[in-house]
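I have placed the structure first, in the form of structure tokens, so that the comments after it can refer back to it.
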Amino acid sequence: MNGWRMAIFWMAILVCSMSLTACSATVVENTSNGDRPQLIFQGNPPEWAHTATSIMTELEQWRGLPFQEDLQVTFQPPQEPGLNGWYDSETKQLVVTVTDSEPLGRGVLLHEMFHALQDRNFDLYQLKRQSAAHPDYEQAVSAIIEGEAMLAVSELMNYDFLAHAKLPAEGEVSAEFFEKVFLYGAGMKFILAVRDAGGWEAVDAVFRDPPRATSLIFQPDRYLAGEREVQPTAPSLRASETLQSQTVRGAYQVQLLLARQAETRPLLGRAAEGYVADTLNILKDSAGETKHQWAIEFSNAKVAADLVSGLTTALARDERLAILPSVSVAGNAIVAEW
């Protein structure tokens, strides 16, 4: 896929299926004039599209930022189940799929138009490019983008999104489902924390100097205190071992491991609050054998002790690992080796 598409999937359905009144309340007759940016429609606009240009004004007033230039919206029939719309920050293409649900269409349009507003002011394509080589950094950037857009939907539609963006207590959770809860839910909480601390100016600063680790999304106080990234820590090597590479997997990966199974899901809050840093070390021994050593550092030894059993269970069920890891506690860290 060329560029980067920011799409709203099941969250649009969740928001807009709740209340026709809530989803239609932000759309009024167009009052804009030729002196400011306009919406340009392509495809087959639905009947409600002629009123949608007022959303531009409302988004600008809510966020205190201008669109600066015209915005083209393409309306088209659905192509993929659950894909209700997207905004491509490279091509500047905004697409809304036309369904039988007018509230859903309006909700999707608001969300994707807000991505366009972000892009006009903060160059989302460049922001994604600079984070693309580092998965944890990229997830953090995606969270601030999607979290702010969902905040716009939540406040402008007067809908308590966070009350519904929760993981179930029972059953398995897919990686795809967990990612959406993280991007929209944890991302929105991060933006709220930053705005509460310093207003929209502080949120503007986030896009100029974004968090480069998902741990800062889960712990916004660390970002507000000036922290921007998590550095790998030096491994404990045996005499026969040499270090081949180091990677920070990130708090997101720890959370995902615990979220997948119902029995380890209650540990998510403890892990999110206690996480400090982690390092995946790739080691090689004197026989040329490769070993993985994942050291996860927590705020104190009590947190590590509380989490070691759950992480052992989660790692044992991780289908990505062909070998059952050995897991131990070393001070305030949990170390998994395989």
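With the first letter of the sequence shown counted as 1, position 278 gets the number 278 in the numbering used here; the numbers rise by one all the way through.
The beta-carbon is built from N, C-alpha and C at its ideal position, and this holds for glycine as well.
Only a predicted model underlies this, so the values are computations on that prediction, with no experimental measurement involved.
*Classify residue 323 as helix, strand or coil using the three-state DSSP reduction.*
Locating residue 323 in the sequence shown gives position 323, where the first residue counts as 1. Correct three-state label for residue 323: coil.
*asked:* Strictly by DSSP, which residues pair up with residue 297?
replied: Looking up residue 297 in the sequence shown gives position 297. Bridge partners of residue 297: 277, 333.
*Among residues of its own chain, excluding the 5 on either side of residue 182, which ones have a beta-carbon nearer than 7 Å to its beta-carbon?*
For this step, residue 182 is matched to residue 182 along the sequence shown. The residues are 143, 252.
*Would you kindly work out how many angstroms separate the C-alpha atoms of residue 119 and residue 125, rounded to a whole number?*
Translated into positions along the sequence shown, residue 119 becomes position 119. Translated into positions along the sequence shown, residue 125 becomes position 125. Distance between the alpha carbons of residue 119 and residue 125: 8 Å.
*Using a threshold of 8 Å, state whether the C-beta atoms of residue 271 and residue 295 are closer than that.*
The residue you call residue 271 lines up with position 271 of the sequence shown. The residue you call residue 295 lines up with position 295 of the sequence shown. No, they are not a contact pair.
_residue 371 - DSSP class collapsed to helix/strand/coil_ = Any question about residue 371 goes unanswered here, given that the chain covers just 1 to 338.
_Alpha-carbon spacing of residue 260 relative to residue 160, whole angstroms_ = Residue 260 sits at position 260 when you count from the first residue of the sequence shown. Residue 160 sits at position 160 when you count from the first residue of the sequence shown. Between residue 260 and residue 160, the C-alpha separation is close to 25 Å.
*Would you kindly work out how many angstroms separate the C-alpha atoms of residue 299 and residue 278, rounded to a whole number?*
By one-based count along the sequence shown, residue 299 stands at place 299. By one-based count along the sequence shown, residue 278 stands at place 278. One C-alpha to the other measures close to 12 Å.
_Check whether the segment 79-95 and the segment 45-52 touch, using three or more Cβ-Cβ pairs below 8 Å as the test._
no
_By alpha-carbon positions, which one of 281, 258, 257 ends up nearest to residue 246?_
As a position in the sequence shown, residue 246 is number 246, starting the count at 1. If we check each option's Cα against that of residue 246, 281 comes out closest.
*Would you mind sorting residue 115 into buried or exposed? The rule is 16 or more other CB atoms within 10 Å of its CB.*
Residue 115 sits at position 115 when you count from the first residue of the sequence shown. By the neighbour-count rule (16 or more Cβ atoms within 10 Å), residue 115 is buried.
*Using only alpha-carbon positions, find the residue among 214, 75, 166, 61 that is nearest to residue 39.*
Locating residue 39 in the sequence shown gives position 39, counting from the first residue. Here the closest residue by C-alpha is 75.
*Between which two residues does the beta strand (DSSP E) carrying residue 245 extend?*
The count along the sequence shown starts at 1 and reaches residue 245 at position 245. Element bounds for residue 245: 242-247.
*Rounded to the nearest angstrom, how far is the Cβ of residue 65 from that of residue 117, given a contact under 8 Å?*
Taking the sequence shown and counting its residues from 1, one reaches residue 65 at position 65. Taking the sequence shown and counting its residues from 1, one reaches residue 117 at position 117. Yes, they are in contact, since the Cβ atoms of residue 65 and residue 117 sit about 6 Å apart, within 8 Å.
*Can you list, in chain order, the residues of its chain whose CB lies under 8 Å from that of residue 138, leaving out five sequence neighbours each side?*
The residue given as residue 138 occupies position 138 in the sequence shown. These residues qualify, in order along the chain: 128, 131, 132.
*Would you report the Cα separation of residue 222 and residue 63, rounded to the nearest angstrom?*
Translated into positions along the sequence shown, residue 222 becomes position 222. Translated into positions along the sequence shown, residue 63 becomes position 63. Distance between the alpha carbons of residue 222 and residue 63 is about 24 Å.
*Whole angstroms is fine: what's the gap from residue 187's alpha carbon to residue 177's?*
In the sequence shown, counting from the first residue as 1, residue 187 sits at position 187. In the sequence shown, counting from the first residue as 1, residue 177 sits at position 177. Looking at the two C-alpha atoms, the distance is approximately 15 Å.
*Apply the 10 Å Cβ neighbour rule to residue 68 and answer buried if 16 or more other Cβ atoms are within range, or exposed otherwise.*
Position 68 of the sequence shown, counting from 1, holds the residue named residue 68. Looking at its Cβ environment, which holds fewer than 16 other Cβ atoms inside 10 Å, residue 68 is exposed.
*Could you tell me the distance, in whole angstroms, from the CA atom of residue 136 to the CA atom of residue 336?*
For the purposes of this step, residue 136 is taken as residue 136 along the sequence shown, with counting starting at 1. For the purposes of this step, residue 336 is taken as residue 336 along the sequence shown, with counting starting at 1. Using only the alpha carbons, I get a separation of about 19 Å.
*DSSP three-state assignment for residue 174, whether helix, strand or coil*: Position 174 of the sequence shown, counted from the first residue, corresponds to residue 174. Residue 174 falls in the coil class under three-state DSSP.
*In whole angstroms, what is the alpha-carbon distance linking residue 192 and residue 248?*
Against the sequence shown, residue 192 aligns to sequence position 192. Against the sequence shown, residue 248 aligns to sequence position 248. Approximately 26 Å between the Cα atoms of the pair.
*Backbone secondary structure at residue 318 - three-state DSSP*: Position 318 of the sequence shown, counted from the start, is the residue given in the question as residue 318. Coil at residue 318, not helix or strand.
*Counting along the chain, where does the alpha helix (DSSP H) carrying residue 196 start and finish?*
In the sequence shown, residue 196 corresponds to position 196, counting from 1. From DSSP, the alpha helix (DSSP H) with residue 196 extends over 187-208.
*Pairwise C-alpha distance: residue 202 and residue 140*: Locating residue 140 in the sequence shown gives position 140, where the first residue counts as 1. Locating residue 202 in the sequence shown gives position 202, where the first residue counts as 1. Going from the Cα of residue 140 to the Cα of residue 202 covers about 17 Å.
*Per DSSP, residue 284 is paired with what?*
Counted from its first residue, the sequence shown places residue 284 at position 284. 242, 290, per the DSSP bridge assignment.
*Just the C-alpha distance for residue 257 and residue 87, rounded to the nearest angstrom, thanks.*
Within the sequence shown, the letter at position 257 stands for residue 257. Within the sequence shown, the letter at position 87 stands for residue 87. Distance from the CA atom of residue 257 to the CA atom of residue 87, rounded to whole angstroms, is 30 Å.
*Rounded separation between residue 225 and residue 273 - CA only*: Against the sequence shown, residue 225 aligns to sequence position 225. Against the sequence shown, residue 273 aligns to sequence position 273. Cα to Cα, residue 225 sits roughly 15 Å from residue 273.
*asked:* Can you tell me whether residue 126 is helix, strand or coil according to DSSP?
replied: On the sequence shown, residue 126 is found 126 positions in, with the first residue counted as 1. Residue 126 falls in the helix class under three-state DSSP.
*How many Å lie between residue 70 and residue 153 at the Cα?*
Here residue 70 is taken as the residue at index 70 of the sequence shown, counted from 1. Here residue 153 is taken as the residue at index 153 of the sequence shown, counted from 1. The straight-line gap from Cα to Cα measures roughly 21 Å.
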